[in-house]
Ligand SMILES: C[S@@+](CC[C@H](N)C(=O)[O-])C[C@H]1O[C@@H](n2cnc3c(N)ncnc32)[C@H](O)[C@@H]1O
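Numbering (the working numbering), first residue to last: 10 to 280.
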């Protein structure tokens with residue numbers, strides 16, 4: 010996508026802008042809104058899913074900084090800036106926003122990178138050596154743990170590339186580092202609903218690959234899952250099973266995150 014000409018940016022829908030529209034944002038165009046309408050006809054729960062999944066980002070940043078002592082972060086596939094990005098906790102000292110969509114990177118550069126300790130990077134996860142060698146990433150202190158957000162990005166990437174991304178991160182990150190992953194799934198949807206959703210995206214030239222719990226675990230390879238309970242949905246992540254507090258939004262089959270969340274370590278430390 011980083012090779013798109015300016016006119017193509019407005020003629021084709023993008024994942025980031027569709028997500029922005031689903032979340033009530035203004036950084037989207039007619040092509041994005043038309044695709045969103047078709048997606049909603051298949052899956053009316055999409056706005057709730059986006060809202061629940063986006064609320065997961067700040068919870069993970071709190072977990073990184075307050076529980077795990079991690080204050081430098083890479084946000085891979087950061088998407089268009091939204092309120093949760095803009096209210097970044099002070100305890101996050103360094104954060105690098107990375108995306109392959111030039112419009113996302115431009116917005117990140119203008120609105121997010123103004124805060125001290127933030128940087129943005131236009132880079133494709135399909136080329137991890139180049140991404141990891143880029144100046145904003147090189148400037149992070151690899152003598153200390155780094156937190157990585159990989160939220161709702163792997164469904165837009167083929168399995169081979171996803172495995173390469175996860176292996177490259179596993180090998181590159183310093184001990185004590187933690188990966189936070191969220192990943193769309195059809196495990197809780199009506200039968201065939203996610204297949205139809207993928208079909209709508211495909212017609213628009215976008216490959217969307219929700220995966221099962223087993224499929225996501227197999228991508229994680231040598232990463233070690235924290236929490237000892239495998240994958241949970243983003244809506245229920247770290248909620249005690251006895252909780253009376255409901256996750257954001259009505260928690261029904263049709264108003265569900267439709268995504269798994271996981272925290273994983275490289276396994277070479279006691280986090
Ligand atoms: C659905 S959005 C998720 C945004 C954000 N992480 C969140 O959870 O709200 C997916 C983002 O991943 C980016 N993306 C997709 N494929 C990518 C790739 N190969 N390299 C870098 N970014 C990519 C898209 O441009 C988009 O901004």
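The beta-carbon is built from N, C-alpha and C at its ideal position, and this holds for glycine as well. Keep in mind that this is a model prediction, so the values were computed, not measured.
For residue 208, which residues in the same chain have their Cβ closer than 7 Å to its Cβ, ignoring the five residues on either side in sequence? none
In DSSP terms, what residue 116 is bridged to: Per DSSP, none; premise fails for residue 116.
If you draw a straight line from the alpha carbon of residue 182 to that of residue 141, how long is it in whole angstroms? 10 Å
Which same chain residues, not among the five before or five after residue 132, have their C-beta less than 7 Å away from its C-beta? Result list for residue 132: 107, 109, 139, 140, 143, in chain order.
Can residue 23 and residue 41 be called in contact, C-beta distance under 8 Å? Against a cut-off of 8 Å, the Cβ pair of residue 41 and residue 23 comes out as a contact.
Give the DSSP bridge partners of residue 209, in chain order. According to DSSP, residue 209 bridges with nothing at all.
Compute the minimum distance between the beta carbon of residue 180 and the heavy atoms of ligand 1, and state whether it is under 7 Å. no
Taking 7 Å as the cut-off, is the CB of residue 166 close to at least one heavy atom of ligand 1? yes
Assuming residue 150 contacts residue 81 under a Cβ cut-off of 8 Å, what Cβ separation, rounded to an integer in Å, is found between them? 6 Å
CA nearest to the CA of residue 104, picked from 112, 88, 115, 121: 121
Euclidean distance between Cα positions of residue 220 and residue 166: Each residue's alpha carbon lies about 11 Å from the other.
Would residue 85 and residue 158 be called neighbours here (beta carbons separated by less than 8 Å)? yes
So, helix, strand or coil for residue 190, using DSSP? strand
Residue from 17, 90, 67, 75 whose Cα sits closest to the Cα of residue 33: 90
If you drop the 5 nearest sequence neighbours on each side, which residues of the same chain put their C-beta closer than 6 Å to that of residue 127? 104, 121
Starting from residue 158, follow its DSSP beta bridges and name the residues at the other end. 84, 189
Which residues in the same chain as residue 253 place their Cβ atom closer than 8 Å to its Cβ, once the five residues preceding and following it in sequence are excluded? Because the pLDDT at residue 253 is just 43, under 50, the model does not fix this residue reliably, and the value given afterwards should be weighed accordingly. Correct list: empty, nothing qualifies.
Under the criterion of a Cβ to heavy atom distance below 7 Å, does residue 169 qualify as lining ligand 1? Residue 169 Cβ: outside cutoff for every heavy atom of ligand 1.
Quick check on residue 50: does DSSP put it in helix, strand or coil? helix
Buried or exposed by the 16-neighbour rule on C-beta atoms within 10 Å, applied to residue 119: The residue is exposed, with fewer than 16 neighbouring Cβ atoms inside 10 Å.
Residue 63 burial status per 10 Å Cβ neighbour count (16 or more: buried): buried
By the three-class DSSP mapping on this structure, what secondary structure does residue 40 have? helix
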